[in-house]
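Accompanying notes for the structure given below.
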Amino acid sequence: MRVNGSPVPTPAPADHGMRLLDYLRDHLALTGAKEGCGMGECGSCTVVIDGRAMTSCLVLVGQVLDAEIRTVEGLAAAGHGPLQEAFVARQAIQCGYCIPGVLNSCAALLDRERDPSDDQICAALDGNLCRCTAYNRFYDAVHDAASARRAGGDA
Amino acid sequence: MTPPTPTLLRPEGTADVSRLLTGARAVAGGTDLLVQRRDGLEAPTLVDLTGLASTRPAATRDPGTGELRISAVHPLTDVAAGCAGAFPALSAAIEAFASTTIRNRATIGGNLVTGSPAADTVPALLAADAVVEIVTPDGGRRTVALADFLLGPRRVDLTAGEWVTSVRVPRPSPEGGFRKIGGRRAQAISFLNLAWQWCREPDGRLTDVRLAMGAVAPTVVRLHAAAAALEGRSPTPDVVDAAVAAVDADISPIDDLRASAHYRRRCAAGLLREALLPPSTSGGPDQHVIPTTREKDQ
Numbered sequence: 001m002r003v004n005g006s007p008v009p010t011p012a013p014a015d016h017g018m019r020l021l022d023y024l025r026d027h028l029a030l031t032g033a034k035e036g037c038g039m040g041e042c043g044s045c046t047v048v049i050d051g052r053a054m055t056s057c058l059v060l061v062g063q064v065l066d067a068e069i070r071t072v073e074g075l076a077a078a079g080h081g082p083l084q085e086a087f088v089a090r091q092a093i094q095c096g097y098c099i100p101g102v103l104n105s106c107a108a109l110l111d112r113e114r115d116p117s118d119d120q121i122c123a124a125l126d127g128n129l130c131r132c133t134a135y136n137r138f139y140d141a142v143h144d145a146a147s148a149r150r151a152g153g154d155a
Numbered sequence: 001m002t003p004p005t006p007t008l009l010r011p012e013g014t015a016d017v018s019r020l021l022t023g024a025r026a027v028a029g030g031t032d033l034l035v036q037r038r039d040g041l042e043a044p045t046l047v048d049l050t051g052l053a054s055t056r057p058a059a060t061r062d063p064g065t066g067e068l069r070i071s072a073v074h075p076l077t078d079v080a081a082g083c084a085g086a087f088p089a090l091s092a093a094i095e096a097f098a099s100t101t102i103r104n105r106a107t108i109g110g111n112l113v114t115g116s117p118a119a120d121t122v123p124a125l126l127a128a129d130a131v132v133e134i135v136t137p138d139g140g141r142r143t144v145a146l147a148d149f150l151l152g153p154r155r156v157d158l159t160a161g162e163w164v165t166s167v168r169v170p171r172p173s174p175e176g177g178f179r180k181i182g183g184r185r186a187q188a189i190s191f192l193n194l195a196w197q198w199c200r201e202p203d204g205r206l207t208d209v210r211l212a213m214g215a216v217a218p219t220v221v222r223l224h225a226a227a228a229a230l231e232g233r234s235p236t237p238d239v240v241d242a243a244v245a246a247v248d249a250d251i252s253p254i255d256d257l258r259a260s261a262h263y264r265r266r267c268a269a270g271l272l273r274e275a276l277l278p279p280s281t282s283g284g285p286d287q288h289v290i291p292t293t294r295e296k297d298q
């Protein structure tokens with residue numbers, strides 16, 4: 001199991017039934033992923049597993065022992081610093097609770113689409129609730145980040 | 001309310017699952033089972049099926065018969081990619097299913113086994129006469145028609161120690177679709193849903209018409225009377241009216257926390273009418289209908 005590009009200690013068999021969310025937060029001290037609903041509906045615990053956004057409250061750590069996992073803490077190192085900067089520049093963050101999950105969903109999108117449309121951003125965020133309703137600013141920030149990536153010849 | 005951590009067992013391949021399943025429950029995407037555990041379901045030992053996905057394809061198509069075989073343990077994202085246009089009704093259902101994050105986990109097997117009358121992948125499979133492939137505790141196989149597999153709300157024909165490995169779809173039609181009505185477009189459990197498939201003859205007549213509707217009866221049901229009203233006819237306004245009027249006979253909706261029986265009957269007719277609109281007007285980005293006003297739930 002690798003998290004944010006580095007191998008992490010293999011969970012003990014007795015811990016295989018732990019939620020990935022709890023393993024990240026309590027064993028690896030990666031507290032970026034937040035628990036909101038705990039039922040896969042709100043998206044605040046979203047992480048990227050083998051390139052796909054998933055809610056870590058519905059994944060058991062024993063199911064992803066061979067996976068590459070990315071949390072919000074690993075976004076900048078994975079080349080998504082400009083996405084995070086765009087969220088700040090666009091003032092897309094109010095209370096911030098949903099943002100780690102939102103950023104992971106957006107990053108997974110940008111990893112497969114170099115110039116996502118509003119519809120594609122909408123679809124990528126269909127599992128992320130923002131109570132502060134900053135969605136229009138999320139769209140602007142994703143477009144900014146995609147433009148910056150293209151201008152940088154990174155895609 | 002967080003339940004105690006379950007024991008998670010990881011089988012070494014398909015043959016190992018039955019041995020581990022004694023006294024345990026199978027889990028794949030976990031998007032329903034883990035929520036049910038939170039709500040009090042006792043499942044102290046789970047057997048993980050997700051590892052089996054790497055040993056086989058998400059979907060295969062027999063080039064001779066056209067039969068699709070869909071893996072029950074792959075996430076829906078992979079199933080949609082694997083079916084690649086061969087089964088438009090299921091592809092449309094997956095597109096309307098929950099959210100990106102859930103589609104990246106949830107499986108056909110889980111959606112079948114949980115036995116929800118509102119399950120979004122079931123109408124497309126039922127309309128296409130799907131057959132469920134089950135591994136028995138002795139490691140053998142049995143198959144059961146999906147229509148017989150669904151017994152009632154949260155009840156399916158699966159006994160302890162059995163697990164669903166795949167679904168065979170003998171006759172996915174090249175023209176088909178899915179529509180649902182929910183409280184919102186994403187993450188909504190269907191108030192009701194409809195899948196359809198048919199062949200459109202060169203003269204415009206519809207043949208081999210197959211319709212199935214969810215959340216209007218104890219299980220997902222076929223709309224046999226409405227299909228008969230359409231069979232062999234062109235969907236002219238009179239024919240559409242007759243088919244829509246026939247829906248009532250095949251459904252028995254109830255009042256529940258999501259919608260009233262009266263609302264469901266009205267919407268059932270509307271969903272079929274929309275399905276019968278010309279393809280150019282029934283598709284498009286806004287195909288998942290959201291009611292702008294909602295009758296008061298009980």
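Chains as they are written, first to last, in the UniProt record's numbering: chain A, 1 to 155; chain B, 1 to 298.
We treat Cβ as the ideally placed atom computed from N, Cα and C, and that holds for glycine.
Residue contact with chain B for Q63/A: present (Cβ-Cβ distance below 9 Å to some residue of chain B). Taking CB atoms only, I108/B has no neighbour in chain A less than 9 Å away. Beta-carbon to beta-carbon, L9/B and G161/B are separated by about 14 Å, too far to satisfy the 8 Å threshold.
DSSP, reduced to helix, strand and coil, places F87/A within a helical segment of the structure shown. With respect to the C-alpha of R264/B, the residue from P202/B, F149/B, V164/B and A118/B having the closest C-alpha is A118/B. Assigned with DSSP and collapsed to three states, V61/A falls in helix.
With the rule of 3 Cβ pairs closer than 8 Å, the region 18-29 of chain A does not count as touching the region 67-77 of chain B. Secondary structure of Q197/B (DSSP, three-state): strand. With a beta-carbon spacing of about 5 Å, R25/B and A43/B fall inside the 8 Å limit used to define contacts. For the set T10/A, G96/A, R131/A and G101/A, the Cα lying nearest the Cα of R70/A is the one of G101/A. Taking 7 Å as the upper bound on Cβ-Cβ separation, chain B lies near residues H16, G17 and M18 of the region 10-24 of chain A.
Remark: C-beta atoms of L41/B and A28/B do not approach each other more closely than 9 Å. For the options T77/B, D39/B, P235/B and I102/B, the alpha carbon positioned closest to that of P57/B is the one of T77/B. For G81/A, there are no C-beta contacts with chain B under 9 Å, since the nearest C-beta of that chain is about 23 Å from it. Comparing alpha-carbon positions, the option among P218/B, A261/B and T165/B lying closest to A53/B turns out to be T165/B. Contact between V122/B and V220/B holds: their C-beta atoms lie close to 4 Å from each other, under 8 Å.
At a C-beta separation below 8 Å, L60/A has these neighbours in chain B: P6, L8, V27, G30, L34, L46 and D48.
Scanning its chain for C-beta atoms nearer than 8 Å, with the 5 sequence neighbours on each side dropped, one finds around M54/A the residues T46, V47 and V48, in chain order.
Considering only beta carbons, the part of the region 106-129 of chain A lying closer than 7 Å to chain B consists of D119, A123, A124, D126 and G127, in chain order. Contact between T10/A and L60/A is ruled out by a C-beta separation of about 14 Å, above the 8 Å threshold. Remark: C-beta atoms of S190/B and P88/B do not approach each other more closely than 9 Å. At a cut-off of 9 Å between C-beta atoms, S173/B does not count as an interface residue with respect to chain A.
Within the DSSP bridge table, the entry for A145/B names V131/B as partners. Closer than 9 Å to the CB of A53/A there is at least one CB belonging to chain B.
Annotated three-state conformation of L151/B is strand, per DSSP. Near chain A, meaning a CB-to-CB distance below 7 Å, the residues of the region 180-201 of chain B are A186 and Q187. Put simply, the backbone Cα of A148/A is about 18 Å away from that of Q120/A.
Under the DSSP definition of a beta bridge, G214/B partners with N193/B. Contact note: S71/B does not reach chain A at a C-beta cutoff of 9 Å; the least C-beta distance is about 16 Å. For E274/B, no beta strand (DSSP E) encloses it; the enclosing alpha helix (DSSP H) starts and ends at A261 to A275.
A259/B places its beta carbon less than 9 Å from that of A215/B. Using a CB distance below 7 Å, the part of the region 86-120 of chain B facing chain A consists of S99, T100, T101, I102, N104 and R105, ordered along the chain.
Sequence-distant partners of G23/B (beyond 5 residues in either direction) whose C-beta falls short of 7 Å from its own C-beta, in its chain, are T45. Straight across, the Cα-Cα distance linking A217/B with D250/B is about 9 Å.
Around T136/B, no beta-carbon contact reaches into chain A at under 9 Å, the shortest distance being about 24 Å. The DSSP-derived three-state label of S105/A is helix.
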